[in-house]
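Per the working numbering: the sequence shown = residues 1115 to 1331.
The block underneath contains the structure these notes are about, expressed in structure tokens.
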Amino acid sequence: MDFIYFFFFISSSLVAALTYRFLSPYYLKGFLWYLITIMFLEGWGTSLAWQGINNHWVYNIFIFVEFNFLNYIYYRTIRNRRLKMVAGVYSLAYPVYFLINLIGVQGWQTFNTYPYVVGCIGIVLMVVKYFVELLIDPVFPDLKRQPMFWISTGLLFYCLGNIPMYGMINYLIHNFPVIARNFFIIGMMLNIVKFTFYIAGFLCGARAHGPLKRSSV
């Protein structure tokens, strides 16, 4: 399962690199650097796990990078002025909440499930806002040329599946480790779904700049 997960992870990074110049709006180009950063952290965390060293602090950095990047992406994507303001306030408040939890509540050596779950809830809400904007657009966009639609669909599956799972994962690890291991397998499958939709989104970004674009003028 680890091999399949890393295959999709690396594949999404390669596709992001190959379609980099086509990704639009420009801030979607940040996905390549985000994926490279996450790949480095995943490799670091896995290496520590193989050595029997606590790697929770690495994945706490992972959480900080992941949700702050995604919050920024949706702040730039949402067009409604009022909703954009709400997304902006949330995006500024999230890292403050993360640091408070890290320093004063769960600490470095425990996987910080609280900000992870809050981050997932925030992304679900922003994905819903984005989908609503698509639905009320007078001219419904061609989804084959909308990278953000596919990226958002992947994130919706990923976050909705992870909210209940990580809401109780620390309890399960300490009391029902066998069930916790099964939950991690589910989490890996959700990641595979997310990266598959990322790949679709990046390819749509390339498609939007290909020959088919002329037919939409």
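The C-beta atom is built at its ideal place from N, Cα and C for all residues, glycine as well.
Item                                                                                                                               : Value
Alpha helix (DSSP H) segments (min. 4 residues) lying fully within the stretch 1191-1271                                           : 1195-1218 and 1227-1250
Within the stretch 1139-1178, ranges of the alpha helix (DSSP H) (whole runs, at least 4 residues)                                 : 1144-1164
The stretch 1208-1226 touching the stretch 1173-1186, judged by at least three CB pairs closer than 8 Å                            : yes
Helix, strand or coil at methionine 1282 according to DSSP, with G and I counted as helix                                          : coil
Beta-carbon contacts of proline 1325 that lie in its chain and below 7 Å, excluding the five residues immediately before and after : For proline 1325, the predicted structure reports a pLDDT of 44, less than 50, and the residue's modelled location is therefore unreliable. The matter cannot be settled from this model.
For glycine 1268, the nearest candidate out of Pro1139, Phe1122 and Phe1117 (CA to CA)                                             : Phe1122
Counted within 10 angstroms of its Cβ, other Cβ atoms place proline 1229 as buried (16 or more) or exposed                         : buried
Own chain, CB closer than 6 Å to glycine 1319, minus 5 neighbours either side, in chain order                                      : Thr1133, Phe1136, Leu1137 and Pro1261
First and last residue of the uninterrupted alpha helix (DSSP H) at phenylalanine 1128                                             : According to the sequence shown, residue 1128 is leucine rather than phenylalanine. Leucine 1128 -> alpha helix (DSSP H) spans 1116-1132.
Separation of tyrosine 1141 from alanine 1207, as counted between CA atoms                                                         : 21 Å
Burial state of methionine 1279, where buried means 16 or more other Cβ atoms lie within 10 Å                                      : buried
Whether tyrosine 1173 touches glycine 1159 by CB criterion (8 Å)                                                                   : yes
Which listed residue (Ala1131, Leu1184 and Ser1161) has its alpha carbon closest to that of isoleucine 1265                        : Leu1184
For leucine 1184, the three-state DSSP class (helix, strand or coil)                                                               : helix
Cβ contact (3+ pairs, closer than 8 Å) linking the stretch 1288-1296 and the stretch 1237-1257                                     : no
Rounded C-alpha distance that separates tryptophan 1147 from isoleucine 1192                                                       : 22 Å
Burial state of tyrosine 1285, where buried means 16 or more other Cβ atoms lie within 10 Å                                        : exposed
Coil, strand or helix - phenylalanine 1297 by DSSP                                                                                 : helix
C-beta contact flag for phenylalanine 1145 and alanine 1130 at 8 Å                                                                 : yes
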